[in-house]
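Enquirer: Below is a structure I'd like to ask you about.
Residue numbers (the working numbering): 494 to 630.
Spelled out as C-alpha cells, the structure:
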C-alpha cells in the first residue's frame, strides 16, 4: 500500500509557538478573571452592608436605638465576615457595620469596608479612591 502525498505532523517549533501564544493568553486571562471575581465579591459585601444598615434603621424606627447584635443573619459562604462595631460609650444612637475580607481576599487593596449610621463609607486598605471599593456609588 502506498500513501498519497506526504504525511506531516507538527514540528517542535510549531508546538513551541502554540504554547507561547497559549501562555500569553493565559497570562492576560487569569489576572483579568481574578479582578472580575474580586470586584463581584466586593459588590456582594457592599450590598450586604447596605442591607445591614437598612435593617438597623428599621430597628431604630421601632425601638428607638440601634441593636449591635441584630441584622447579621446573612447567607453563609460569603467572602467577607460581617460584624457591627461596638458603639461609643457616650453615644448610644450609632452603629458601624464592618465587612472584613477573609483569606482569599486578604491582599485586596480595599481592606475592610465600613458603613455607619450617617451613611459614611470608609475603607481600611490602601486603595486610591473610595469609589473603587464601593462601586462608584
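We treat Cβ as the ideally placed atom computed from N, Cα and C, and that holds for glycine.
What residue does the alpha helix (DSSP H) around residue 526 start on, and which one ends it?
Expert: The residue given as residue 526 occupies position 33 in the chain shown. Here the alpha helix (DSSP H) through residue 526 covers 505-556.
Enquirer: Excluding five sequence neighbours on each side, which residues of the same chain lie with their C-beta closer than 6 Å to the C-beta of residue 576?
Expert: In the chain shown, the residue the question calls residue 576 occupies position 83. Excluding residues within five positions, the ones whose Cβ falls inside 6 Å are 591.
Enquirer: Could you pull the start and end residues of the alpha helix (DSSP H) that residue 625 belongs to?
Expert: By one-based count along the chain shown, residue 625 stands at place 132. 623-627 is the extent of the alpha helix (DSSP H) around residue 625.
Enquirer: I'd like the list of long-range same chain contacts for residue 530, defined as Cβ closer than 7 Å, with 5 residues on each side in sequence excluded.
Expert: On the chain shown, position 37 is the one that residue 530 refers to. For residue 530, where only same-chain residues beyond five positions count, there are no Cβ hits under 7 Å.
Enquirer: State buried or exposed for residue 535, treating a residue as buried only when at least 16 other CB atoms are found within 10 Å of its CB.
Expert: Mapped onto the chain shown, residue 535 falls at position 42. Result: buried.
Enquirer: Ignore the nearest five residues each way along the sequence and tell me which others in residue 586's own chain have a CB closer than 7 Å to its CB.
Expert: Taking the chain shown and counting its residues from 1, the one referred to as residue 586 is at position 93. Within the same chain, residue 586 has close Cβ partners 558, 559.
Enquirer: Between 616, 611, 612, which lies nearest to residue 593 when the distance is taken from Cα to Cα?
Expert: For this step, residue 593 is matched to residue 100 along the chain shown. Measuring from the Cα of residue 593, the nearest candidate turns out to be 616.
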